[in-house]
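A.B. asks: Residue numbers (our numbering): 79 to 314.
Here it is, the structure, as structure tokens.
Structure below.
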């Protein structure tokens, strides 16, 4: 049985450029048939990233360097998808810091539409959601996970769309039912080799998952904490 939905890749475009932002969004929607979320307030980018579950984040702002760096830092803690930064800042020090904090590519403006589209499509192919298409659905107890469309079905029949980070965490825990997984291992598996993940980020991620899957998130039965060690997916 398959419930896979044919969804267009989703791009979160964060741009406070009154002219170029809407033009970039329109070109990706109409010419590349992508699902584009345009956010014109850069400070909202982290919340929109969590809410929208994009496959790629494109930053195109004219903010000062320190504010741009702060947004990048906060975004990378919350999302594992590629981040592309469009910038007019030609400072090598700024770009190095952006890469160190998790930007996948810094693109100097101006950039032609054909090259921009090619770069977007290239990073979408590298998004974690693309390899997820190769993962088969599986079931633990009465909970079913469909990685290809990031959907979790509960025993009650309720279903939830997962963010990329939520999918990484729940997939790893469900593939090891009733086994305690150390927090350090989960951080490495979910956030990868970068240093963006930490115990606070992991706790926040577990909290968000519990709000979706638990009848009582305060007294979790499915995703349980093993004090001082980590977490486990409990299957009775």
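Quick reminder that beta carbons are idealized off the backbone N, C-alpha and C, glycines included.
These numbers were taken from a predicted model, which means no experiment stands behind them.
Between the C-alpha atoms of residue 203 and residue 159, what's the straight-line distance to the nearest angstrom?
C.D. replies: By one-based count along the chain shown, residue 203 stands at place 125. By one-based count along the chain shown, residue 159 stands at place 81. One C-alpha to the other measures close to 11 Å.
A.B. asks: Measure the CB-CB distance between residue 231 and residue 222 and report whether it falls below 8 Å.
C.D. replies: Within the chain shown, numbered from 1, the residue matching residue 231 stands at position 153. Within the chain shown, numbered from 1, the residue matching residue 222 stands at position 144. Cβ distance < 8 Å, so residue 231 and residue 222 count as in contact.
A.B. asks: Output the residue ranges of the beta strand (DSSP E) runs that lie fully inside the stretch 130-171 and measure 3 residues or longer, sorted by chain position.
C.D. replies: Runs found: 134-138 and 161-165.
A.B. asks: Taking residue 307 as part of the beta strand (DSSP E), name the residues at either end of that continuous run.
C.D. replies: To locate residue 307, count along the chain shown from 1; it is residue 229. That residue, residue 307, is in no beta strand (DSSP E); it is neither H nor E in DSSP.
A.B. asks: Buried or exposed: which applies to residue 304, given that a residue is buried once 16 or more other Cβ atoms fall within 10 Å of its Cβ?
C.D. replies: The count along the chain shown starts at 1 and reaches residue 304 at position 226. Per the 10 Å Cβ criterion, exposed.
A.B. asks: Does DSSP classify residue 265 as helix, strand or coil?
C.D. replies: Mapped onto the chain shown, residue 265 falls at position 187. Residue 265: helix per DSSP, three-state reduction.
A.B. asks: With a cut-off of 8 Å on the beta carbons, I'd call residue 150 and residue 181 a contact; round off their distance for me.
C.D. replies: Here residue 150 corresponds to residue number 72 of the chain shown, with the count starting at 1. Here residue 181 corresponds to residue number 103 of the chain shown, with the count starting at 1. Confirmed, Cβ separation roughly 6 Å.
A.B. asks: Nearest-angstrom Cα distance between residue 123 and residue 110?
C.D. replies: Indexing the chain shown from 1 puts residue 123 at position 45. Indexing the chain shown from 1 puts residue 110 at position 32. When rounded, the distance between both Cα atoms is 22 Å.
A.B. asks: Excluding sequence positions up to five away, which residues of its chain have a Cβ less than 6 Å from the Cβ of residue 92?
C.D. replies: Reading the chain shown from its first residue, position 14 is the one you call residue 92. For residue 92, where only same-chain residues beyond five positions count, the Cβ hits under 6 Å are 117, 120, 123 and 137.
A.B. asks: If you count every other CB in all the chains shown that lies within 10 Å of the CB of residue 196, and 16 or more means buried, which is it?
C.D. replies: The sequence position of residue 196 within the chain shown is 118, counting from 1. Exposed, because fewer than 16 other Cβ atoms sit within 10 Å of the Cβ of residue 196.
A.B. asks: In chain order, what residues of the same chain have a beta carbon less than 6 Å from the beta carbon of residue 220, not counting five sequence neighbours either side?
C.D. replies: Against the chain shown, residue 220 aligns to sequence position 142. Around residue 220: 233.
A.B. asks: If we ignore side chains and look at the alpha-carbon of each, how far apart do residue 131 and residue 88 end up?
C.D. replies: Position 53 of the chain shown, counted from the start, is the residue given in the question as residue 131. Position 10 of the chain shown, counted from the start, is the residue given in the question as residue 88. Residue 131 and residue 88: Cα-Cα distance of roughly 8 Å.
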